[in-house]
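*Asks:* Take the sequence shown: its letter number 59 is residue 51 in the working numbering, and every next letter is one higher.
Structure below; questions to follow.
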Amino acid sequence: MPELLNAVDIFALTSLREGLPRAIMEAMAAGKPIVATNVRGNRDLVVDGVNGYLVSVNDVETTAEAITKLAEDKTLRTKMGEEGKRIIQDYAIEEVLKEMDEIYGLYI
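Here it is as structure tokens:
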């Protein structure tokens, strides 16, 4: 997957439903700005206007506008990609284990 992500400037995921999409997580770790549908799971990872854009399901026009905006602005792509890398660090196994330890510590 890294070689595929290195070949693209923008990552789009236009699902009707998602859990916690690993594909978006991998794209964020690779520093790619995201265009994704505004559904559960995607909303947990993509902060609209910060590390990408959330678009309505089946809204082809808005999806195309978001992709075009990113395609035409390298500075914006870079900024959003860097924000995605920062955000995804919260999902690193070390961070998740630390949070779990803190939660269990409250009840033990």
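All C-beta atoms in this analysis are idealised placements derived from N, C-alpha and C, irrespective of residue type, glycine included.
As the structure is a prediction and not an experimental result, all values here were calculated from the model.
Name the DSSP beta bridge partners of A84, please?
*Replies:* Looking at the DSSP assignment, A84 forms no beta bridge with any residue, so it has no partner.
*Asks:* Can you list the alpha helix (DSSP H) stretches of 4 or more residues lying completely in the region 6 to 79, in chain order?
*Replies:* 14 to 21, 34 to 37, 52 to 64, all fully within the region 6 to 79.
*Asks:* Is any heavy atom in the ligand NAD found nearer than 7 Å to the beta carbon of K77?
*Replies:* The ligand NAD is absent from the structure shown, which contains no ligand whatsoever.
*Asks:* Just to confirm before moving on: does the CB-CB distance between A(-1) and V27 stay below 8 Å?
*Replies:* Their beta carbons are not under 8 Å apart, which means A(-1) does not touch V27 by this criterion.
*Asks:* Comparing alpha-carbon positions, which option in D1, P(-6), T29, P25 lies nearest G11?
*Replies:* Closest by alpha carbon: T29.
*Asks:* With a threshold of 6 Å on Cβ separation, who are the neighbours of V42 within its own chain once the five nearest residues in sequence on each side are excluded?
*Replies:* So the qualifying residues of the chain are E75.
*Asks:* Within its chain, find whatever has a CB closer than 6 Å to the CB of F3; leave out the 5 residues flanking it on each side and keep chain order.
*Replies:* Answer for F3: A19, K24, I26, listed in chain order.
*Asks:* Just to confirm before moving on: does the CB-CB distance between I16 and L37 stay below 8 Å?
*Replies:* Against a cut-off of 8 Å, the Cβ pair of L37 and I16 comes out as a contact.
*Asks:* When the Cα atoms are used, what is the spatial distance from T55 to D65?
*Replies:* Looking at the two C-alpha atoms, the distance is approximately 16 Å.
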